[in-house]
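Below: one structure, written as structure tokens.
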Amino acid sequence: MTTRWFGERVERREDDRLLRGAGRFTDDFNEDALEACFVRSPYAHARILSIDARRARELPGVHAVYTAGDLPFGDRDLPLLIPHPALTNGRTQRCLAADTVRYAGEAVAFVVADNRYLAEDAADLVDVEYEPLPPVWPLEAAAEDPANTAAELTQQTGDVEGALEQAAHRRKLRFRYERGAAAPLEARATWARWDAADKRLTMYDSTQSPTSIRGGLAVLFGLPESSVEVIAPDVGGGFGPKIMLFYPDELLTPFAAMQLGRPVKWTEDRREHFTAVNHERAQVHDVEVGYDAQGRVVALDVDFVHDAGAYTPYGIILPIITAAQIPGPYRVPNYRVRFRDVLTNATPTSPYRGAGRPHACFVMERTLDAIARDLDLTRDEVRRRNLIQPDEFPYEVGVGWQDGNRAVYDSGNFPGLLEKALANLGPRPAGHHIGLGLGMYVEGTGVGPYEGAHVQVLVSGKVVASTAIPTQGQAHGTVFAQVVADQLGVSPDDVTITTGDTRRFQWGVGTFASRAAVVAGNAMAVAAGMVAEKAKRIAAEHLEVDPADLELAQGAVRVKGSPQKAMPLALLAVLSNPVRYAFGGGTEAATQFTPKPRAGPPLPAGEQPGLEATGYFSPTGSTWASGCHAAWVRVDPNTFRLQILRYVVVHDCGRVINPTVLEGQIQGGVAQGIGGAFYERLAYDADAQLRNASFMEFLMPYATEIPDVVIDHQETPSPLNPLGVKGAGEAGVIPVGAVIASAIEEALGVPITEMPLSPLRLFELTHAGSAGGAQT
Amino acid sequence: MRVNGIASPLPEDPRTLLSDHLRHQLRLTGTHVGCEHGVCGCCTVLLDGKPVRSCLLLAVQAADHDVTTIEGLAPDTAALHPIQQAFHEAHALQCGFCTPGFVLAVKGLLDEHPDPTDEQIQEGISGNLCRCTGYANIRKAVRLAAAAR
């Protein structure tokens, strides 16, 4: 294999149509589709006494109003995606609530009309009578009643009690992380069409997992999977919550299309996105750490509660990730972690970029900062003394990982990251109220079970390739083209990638857990490698040479050392299919009336027609990316405005396919992390009502809040896949909360033990003592 | 109303937002709707050459005005407008949803300040949200586009 394109700053191949406004997002599909909207619960917890949709149904232009009783699947619980033996009290919602609503925003009725304006008019006419019930809220109160515990799990490695007793120092801390929201700029949408003659259901869906959606719809509607097509077209940001099996519209839009015989579209508005789309992050952690006189951690005991929200569609994957990721890049010889997954009357939770890790990182980094303060060590020195060393891999954490296996780090060089980050950070800037922020992390990426790819050389010599995972802006169309191009000896410009379209590739899992480059990227390499071997077999026969003497380069298969002895891939594509082509040339070469008739059947036994192959990659374990963020931050002591003077990221995701794309992911991740650390807060009141469900009051950072991040790389290849890559999608976001907290703590001299912060919260912390502060 | 230089009828329903009219009646789906309350800037179009949020206007308010959408910016199907080209070269877009709004906001900025200072760049793009890129490459694209003029 050549590595000509791998590692290059290849310009993105998907930009042109997006820059011209010619992208195709789900709401862009039309075909005179009817348009739908939801009636949603205004209460966080209530009994539904009655639903009367008569007035709505009578409104001109309204085609249907569906309530739970109108649905053949209305009495079925939606799937619990990832069951776990510890999840003994889990629950999932119904497509439409019938008896009880358990969060404000839960879907109650679905209205279909000629257009969205009429649908919203009709939704106002659906009369729902509720009997409000006391909400289970907030998290700490909910955790006090065992009836709200959906799951409880304790894991331990080593002897935590014994090590704590013998430790030179012990310290108790409490860390609180609130809910956060991914807030992609495209909210969710679904568009469905039923072709009654072909018995074919087609759905465009802004999902991160079209194959799973297709599988579910096939079962629900009693159709063979070959009759259901689900396509994730251009998707305007995902960041996690766009994968859910299922959001109610993903069943109701196709159902209505089948019932009404017309395409039906539903597009979420921003207000409903805030409560109808899953959140994440809310956890409260009680920590006891034991450490020696040098500041080395000898024992860590963590007990935390996770706010599951109203339902547990994702099982307990989030607290499992937190539990595994708390030790991070540090040696924790004795570690016990207990969590409870607690049901509350708020929007359900599922992974949001970082997925259990930002809070895990916050716990460990803040704990190390506390040790540094206690022992009067610098924050970099306390980390240096605790880091796992480069010769300790594979390194077993001692607890379970999200894939069901043990958490084992495959490779890394953590001290290298720290020193590189400090070197890039430079000296402390002049001035007052400036703090150093420092945070290190590991990230389990590239989880299985598998992804696949199909690669085909066309008779034009151009290459098409597809994989099931969809794209939300990560440049898969570019980086996968680089991988395929290297295997086939062509330019990425000759490779067209299709993602997230079950019509093109039907087996796969989805885009999450920083897994696309690792799992689908390697599947691309496998499939393209199979095509390369096939091209060599065909060329070898015609050139009468050993396939081992052949190589692929410059769009041809050629004899090593004699590049003039070559056959173009275009011709080999013709030869791979023993029929004659009316167009495209090569007919003479492919005809059976050649001077040298071949022995045996035209298609040799075991061979398939076409210069194409389907390949899969299934990793044996997760690849563990790692990194270090460091920052100089100034806080205005009067207005508490945050000024990030310098922000450095040193990142190790193994071999880098495209540095430009990787740096874009990191810069964007840091921006999302800064938003989550200091500006964005989901403000729930005592009734579990979200009070700031708009961009007016949920403050996402603009350009004015985000600095140019200084990015440096370290490459420690993963031994677990042929490309040596690790995932990078979530790395930018993970340690930002810890970094900002660390910097503010130094700048203002107040303990920071919670996320998110805000100018108001900093005012409270500096003026009212230690409300919510550290327990020492 | 003229849209991208072509005379265009107004919608029958007077409550139709300009953004919905462009997207669903005229099928100019490059104008994106991110919040429908005037904060995100995805729906930015040019009204008589000035950036405005099409979700905060009724279509009838654009009567007798010139509307330019992202589809009307590039000179032809072969070449991108220099601002679009700069966004490509600087990797200033990822998912592309906010991109048309940013490009038109930058058009308005550079028409007013052909050689903007860093501060003017921040000001010019500070009405548009991007959730993917973290803005650094968008700032870079604005500088590239200004240099290319």
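Going down the list, the sequences are from chains G and Y.
Residue numbers for the first sequence follow our numbering, beginning at 1 and rising by one.
Residue numbers for the second sequence follow our numbering, beginning at 1001 and rising by one.
We put the CB at the ideal spot given by N, CA and C, even for glycine.
Practice problem: Measure the Cβ-Cβ separation of Q487/G and I657/G and say whether it is below 7 Å. | Solution: By 1-based counting over the first sequence, the position of residue 487/G is 487. By 1-based counting over the first sequence, the position of residue 657/G is 657. Not a contact, by the Cβ cut-off of 7 Å.
Practice problem: Assign S622/G to one of two classes, buried (16 or more other C-beta atoms within 10 Å of its C-beta) or exposed (fewer than that). | Solution: In the first sequence, residue 622/G corresponds to position 622, counting from 1. Buried: at least 16 other Cβ atoms inside 10 Å.
Exercise. Classify C1040/Y as helix, strand or coil using the three-state DSSP reduction.
Key: In the second sequence, the residue the question calls residue 1040/Y occupies position 40. Here C1040/Y sits in coil by DSSP.
Exercise. Using 10 angstroms around the beta-carbon of S41/G, count the other beta-carbons present and answer buried if the total reaches 16, otherwise exposed.
Key: Taking the first residue of the first sequence as position 1, residue 41/G is located at position 41. Flag for S41/G reads buried.
Quiz item: If you follow the beta strand (DSSP E) that C1055/Y is part of, which residue opens it and which one closes it?
Solution: As a working mapping, residue 1055/Y is identified with position 55 in the second sequence. Taken as a continuous stretch (DSSP letters only), C1055/Y belongs to no beta strand (DSSP E), as it is neither H nor E.
Quiz item: Thinking C-alpha only, which one of V408/G, I497/G and P578/G is nearest L720/G?
Solution: Position 720 of the first sequence, counted from the start, is the residue given in the question as residue 720/G. Here the closest residue by C-alpha is V408/G.
Quiz prompt | Alpha-carbon spacing of T378/G relative to G295/G, whole angstroms | solution = Working through the first sequence from its first residue, we reach residue 378/G at position 378. Working through the first sequence from its first residue, we reach residue 295/G at position 295. Rounded to the nearest angstrom, the two C-alpha atoms are 11 Å apart.
Quiz item: When the distance is taken between beta carbons, is G309/G closer than 7 Å to T344/G?
Solution: Counting from one through the first sequence, the residue named residue 344/G turns up at place 344. Counting from one through the first sequence, the residue named residue 309/G turns up at place 309. In this structure, G309/G lies closer than 7 Å to T344/G by Cβ.
Quiz item: DSSP three-state call for M696/G: helix, strand or coil?
Solution: Position 696 of the first sequence holds residue 696/G. In this structure, M696/G counts as coil in the three-state DSSP scheme.
Quiz item: Would you say Q689/G and A104/G are within 7 Å of each other, going by their C-beta atoms?
Solution: For the purposes of this step, residue 689/G is taken as residue 689 along the first sequence, with counting starting at 1. For the purposes of this step, residue 104/G is taken as residue 104 along the first sequence, with counting starting at 1. Yes, the Cβ-Cβ distance between Q689/G and A104/G is below 7 Å.
Quiz item: Helix, strand or coil: how does DSSP classify C628/G here?
Solution: Position 628 of the first sequence, counting from 1, holds the residue named residue 628/G. Strand.
Exercise. Anything in chain G within Cβ reach of H1091/Y, meaning under 7 Å, just list it in chain order.
Key: For the purposes of this step, residue 1091/Y is taken as residue 91 along the second sequence, with counting starting at 1. The answer, in chain order, is R12, T660 and G664.
Quiz prompt | Which of helix, strand or coil DSSP assigns to E8/G | solution = Indexing the first sequence from 1 puts residue 8/G at position 8. Coil at E8/G, not helix or strand.
Practice problem: Find the residues of chain Y that neighbour T496/G, judging by a C-beta separation of less than 8 Å, and give them in chain order. | Solution: For this step, residue 496/G is matched to residue 496 along the first sequence. The premise fails here: T496/G is roughly 17 Å from chain Y at the closest Cβ pair, so nothing lies under 8 Å.
Quiz prompt | Sequence-distant residues of the same chain with beta carbon closer than 7 Å to E607/G, five excluded per side | solution = If you number the first sequence from 1, residue 607/G lands on position 607. If we look at E607/G and ignore the five residues flanking it on each side, it has no Cβ neighbours.
Quiz item: Who are the near neighbours of F1087/Y in its chain, counting only those whose CB is closer than 6 Å to its CB and skipping five residues on each side?
Solution: As a first step, residue 1087/Y is located in the second sequence; it is residue number 87 there, counting from the start. Answer for F1087/Y: L1093 and A1141, listed in chain order.
Quiz prompt | Selected residue, minimal CA-CA separation from V633/G, among T639/G, W624/G, Q643/G and V457/G | solution = Here residue 633/G is taken as the residue at index 633 of the first sequence, counted from 1. Ranking the options by Cα distance to V633/G, first place goes to Q643/G.
Quiz item: Are the C-beta atoms of S41/G and some chain Y residue less than 7 Å apart?
Solution: Here residue 41/G refers to the residue found at position 41 of the first sequence. No, its Cβ sits nowhere closer than 7 Å to a Cβ of chain Y.
Quiz item: Over what stretch of residues does the beta strand (DSSP E) that includes H651/G continue unbroken?
Solution: What you label residue 651/G is simply residue 651 of the first sequence in a count that begins at 1. Unbroken beta strand (DSSP E) run through H651/G: L642 to D652.
Quiz item: Counting along the chain, where does the beta strand (DSSP E) carrying G452/G start and finish?
Solution: The residue labelled residue 452/G in the question sits at position 452 within the first sequence. G452/G -> beta strand (DSSP E) spans E451 to V457.
Exercise. Mind listing, in chain order, the continuous beta strand (DSSP E) runs of no fewer than 3 residues lying wholly within the stretch 139 to 186 of chain G?
Key: 149 to 157 and 169 to 177
Practice problem: Could you list which residues in chain G have their beta carbon closer than 9 Å to that of T1099/Y, in chain order? | Solution: Here residue 1099/Y refers to the residue found at position 99 of the second sequence. Neighbours of T1099/Y on chain G, chain order: D15, L18, L19, G21 and G23.
Quiz item: According to DSSP, what are the bridge partners of E131/G?
Solution: Here the question's residue 131/G lines up with position 131 in the first sequence. In DSSP, E131/G forms a bridge with R47/G.
Practice problem: Assign C37/G to one of three DSSP states: helix, strand, or coil. | Solution: Counting from 1 along the first sequence, the entry for residue 37/G is found at position 37. Residue state, collapsed to three classes: strand.
Quiz item: What are the residues of the stretch 1120 to 1133 of chain Y that lie near chain G, defined by any Cβ-Cβ distance shorter than 7 Å?
Solution: Q1122, I1125, S1126, L1129, R1131, C1132 and T1133
Practice problem: Identify the continuous alpha helix (DSSP H) that holds A1105/Y and give its terminal residues. | Solution: Residue numbering aside, residue 1105/Y sits at position 105 when the second sequence is read from its first letter. First-last of the alpha helix (DSSP H) with A1105/Y: T1099 to E1112.
Quiz item: Going along chain G in order, which residues have a C-beta closer than 9 Å to the C-beta of L1113/Y?
Solution: As a position in the second sequence, residue 1113/Y is number 113, starting the count at 1. Per the sequence shown, residue 1113/Y should be read as His rather than Leu. Simply none; closest approach about 15 Å.
Quiz item: Using a Cβ-Cβ cut-off of 8 Å (strictly less than) and excluding sequence neighbours within five positions of I231/G, which residues of its own chain qualify?
Solution: On the first sequence, position 231 is the one that residue 231/G refers to. Within the same chain, I231/G has close Cβ partners T202, M203, Y204, D205, P210, G500, D501, T502 and R503.
Practice problem: On the DSSP bridge assignment, give the partners of W266/G in chain order. | Solution: Walking along the first sequence from the start, residue 266/G turns up at place 266. In DSSP, W266/G forms a bridge with A36/G and T190/G.
Quiz item: Secondary structure at S1008/Y, three-state DSSP: helix, strand or coil?
Solution: By one-based count along the second sequence, residue 1008/Y stands at place 8. Looking at S1008/Y - three-state DSSP - the assignment turns out to be coil, as it is neither helix nor strand.
Quiz item: Are at least three pairs of beta-carbons, each pair with one atom in the stretch 297 to 305 of chain G and one in the stretch 150 to 163 of chain G, less than 8 Å apart?
Solution: yes
Quiz prompt | Beta-carbon neighbours of E1071/Y, restricted to chain G and to distances below 8 Å | solution = Locating residue 1071/Y in the second sequence gives position 71, where the first residue counts as 1. R20, G21 and A22, listed in chain order.
Quiz prompt | Beta-ladder partner(s) of S562/G, from DSSP | solution = Residue numbering aside, residue 562/G sits at position 562 when the first sequence is read from its first letter. Bridge partners of S562/G: V559/G.
Practice problem: Hey, could you find the ends of the alpha helix (DSSP H) D16/G is sitting in? | Solution: Position 16 of the first sequence, counted from the first residue, corresponds to residue 16/G. D15 to L19 is the extent of the alpha helix (DSSP H) around D16/G.
Quiz item: DSSP beta-bridge partners for I711/G?
Solution: Residue numbering aside, residue 711/G sits at position 711 when the first sequence is read from its first letter. According to DSSP, which records beta bridges pairwise, I711/G is partnered with V649/G.
Quiz item: Looking at the structure shown, is Q283/G part of a helix, part of a strand, or coil, going by DSSP?
Solution: Here residue 283/G refers to the residue found at position 283 of the first sequence. Reduced to three states, the DSSP call for Q283/G is strand.
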